[in-house]
Each structure stands twice: as C-alpha cells, then as structure tokens.
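Residue numbers (my numbering): 25 to 303. Every residue gets a Cβ at the ideal spot worked out from N, C-alpha and C, and that includes glycine. Step one of this worksheet: look at the structure below.
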C-alpha cells in the first residue's frame, strides 16, 4: 500500500518527524493535564512553533484542523483509550478504540492514527484488547489508505498503583516486533535504559519507521542528547508530549528539537540557542 499521507508527516529533506503528543486528557488522569489545561492556547502555540505533527484526540483535533492555510502541523489522531495510569489503579482495567476511528481520521484529514500495544505484568487481557483494536483498525486503515502507528508500551510492575515504563531493551524489541507483525506502518516506541542499545530496536522493526517516545519530563540537555542518540541509532523521529507542552518555552524547545532532527545541529548548540532565548 502506498501511504501518500506520510508525505505530510516526514520532513522531505531529513526524512524525519517531530510529532508533539497532546492527547493526554483522553486517559482521565488529573496529573496528565498539567500544561494542557487550555487546549486552544496549547494548539495555537504549537501551530506557531511548527513541529511536523501534533497528536490529538477526536474531541480536540478540530482545534488544529480549523486553522486556515497549509502551513501548519499535520494531525496524528489518537484512536484508543485506557485506564492503566491511575494511582491506585481502578479495580477494572480496560483498553478500547473509538468506533469508526479510521473514517473519523479521514474526515479530519489526519496523516496517521495511533493505537497502543500494551504489555502489563499479570494483565494479559489488556494486551489482547490492544491486539483486537489493532486488527480491527488495520483492516479499515488498509481500506482507506490511512497509516497506522502502533505504540508498543512495555510496562513495569508498580505496587503503588499506576504502571511505569520498563526500559528493558529485549522486552521493547519483542513488543516492537509484534507491532510490525500486526501490520504497523509506523512504530512509536520507548527508549531503552541504555540508549546506545537502541539500534537493536530499530533493526528488529525492519523497514517500518520507528519514532521514539519522550515519556516524563527530563532536563533539556538530557532530552537533546537522548534525541541525538536515538537518531544515530536509526530512529526516524520522535513523539514528545510533556517535554514540550510542560516546558517553560514550548516554542523554544520545539525549535531546538527540530534543529537536531532536521538540520543535524549538535545537542550542545541546540541547548545554547534555547538558553539564549531564555536569557
């Protein structure tokens, strides 16, 4: 299948992409709303900052797509919701995708849809639910020529309640490969504990582009260095959320990340430019 829509996601020169994820409100956790309480303002800021894409939900996508003109980020549409992040967890844990998600993505002029593939310790029914969603979405995505981004999430056991990410490279590789086998056109995967091992994740994905998740907030220098490292490992881009929208200068950190992604700017130089803005 020829995925023409991806021409609006990846930079034509570098072949890479920055997708800013602002779909956190979908998961029903108060802590996820920090920095994105006013979504209209958040989306307007991102449009001005100009990442390659913004990842939104069905209910918020209109804020991006109602902006006139062609010079705006592409839309990646989140299609599924789960309640695996609470602390404490609900007694009933679930994951399900939005009905008619692919048709909605077509109507909203999205360039791709995103769906989870979660591995939770002791909860195989959640992985099964994710696989069911992927299989259903894959069939409709093929019909409409909509690229399918699968997000493998290897979670660590957390006795305190909410699940945290497990950075074991072997576990990440296994779930990434399953995403590819299920028909992913793109993979959005976590970095591993030893970022120098990330080439193994890219290798196991084959010719399917790997975009690396950002996770929780980290210092700017660490974020830029990690970004450069996963790019050296062969990643095709990044999907960062809280590290952009919770940053004191979302436009500045976006510019720094885009410089590393598309211009080959060193992390040190990108950080210096960011600090100059702050000064």
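Cβ-based burial, residue i [other Cβ within 10 Å; buried from 16]
i           : result
residue 175 : buried
residue 86  : exposed
residue 212 : buried
residue 267 : buried
residue 159 : exposed
residue 124 : exposed
residue 28  : exposed
residue 37  : exposed
residue 97  : buried
residue 230 : exposed
residue 261 : buried
residue 84  : buried
residue 276 : buried
residue 302 : exposed
residue 93  : exposed
Length of the line joining the Cα atoms of residue i and residue j
i           : j           : result
residue 74  : residue 274 : 11 Å
residue 147 : residue 117 : 9 Å
residue 280 : residue 246 : 13 Å
residue 6   : residue 216 : The question about residue 6 has no answer, for the chain in this structure spans 25 to 303.
residue 78  : residue 101 : 9 Å
residue 251 : residue 32  : 21 Å
residue 41  : residue 114 : 35 Å
residue 202 : residue 104 : 18 Å
residue 206 : residue 51  : 24 Å
residue 193 : residue 224 : 8 Å
residue 209 : residue 171 : 6 Å
residue 164 : residue 132 : 15 Å
residue 3   : residue 293 : This structure does not reach residue 3, given that the chain is present from 25 up to 303, and the question cannot be answered.
residue 195 : residue 156 : 21 Å
residue 127 : residue 232 : 23 Å
residue 91  : residue 64  : 11 Å
residue 226 : residue 219 : 12 Å
residue 122 : residue 137 : 11 Å
First through last residue of the beta strand (DSSP E) which encompasses residue i
i           : result
residue 267 : From DSSP, residue 267 is part of no beta strand (DSSP E) but of the alpha helix (DSSP H) over 266 to 269.
residue 102 : 98 to 102
residue 138 : 136 to 143
residue 208 : Taken as a continuous stretch (DSSP letters only), residue 208 belongs to no beta strand (DSSP E), as it is neither H nor E.
residue 274 : Looking at the DSSP string, residue 274 is not in any beta strand (DSSP E); the run it does join, the alpha helix (DSSP H), is 274 to 287.
Whole-Å CB distance - residue i paired with residue j, under 8 Å assumed
i           : j           : result
residue 161 : residue 108 : 19 Å between Cβ atoms; not a contact.
residue 47  : residue 81  : 5 Å
residue 264 : residue 45  : 7 Å
residue 235 : residue 259 : 7 Å
residue 130 : residue 168 : 5 Å
residue 99  : residue 67  : Not quite, the Cβ-Cβ distance comes to about 10 Å (not below 8 Å), so this is no contact.
residue 59  : residue 269 : 5 Å
residue 43  : residue 72  : Actually they are not in contact, since the Cβ atoms of residue 43 and residue 72 sit about 17 Å apart, beyond 8 Å.
Residue from the options whose Cα sits closest to the Cα of residue i
i           : options               : result
residue 249 : 50, 84, 290 and 209   : 290
residue 228 : 204, 256, 96 and 208  : 204
residue 141 : 178, 112, 134 and 128 : 178
residue 151 : 188, 63 and 119       : 119
residue 240 : 155, 230 and 188      : 188
residue 112 : 287, 62, 53 and 93    : 53
residue 154 : 110, 199, 181 and 65  : 199
residue 35  : 287, 271, 303 and 256 : 287
Extent of the continuous alpha helix (DSSP H) run through residue i
i           : result
residue 195 : 193 to 205
residue 148 : 148 to 168
residue 79  : Premise fails: residue 79 lies in the beta strand (DSSP E), 77 to 80, not in any alpha helix (DSSP H).
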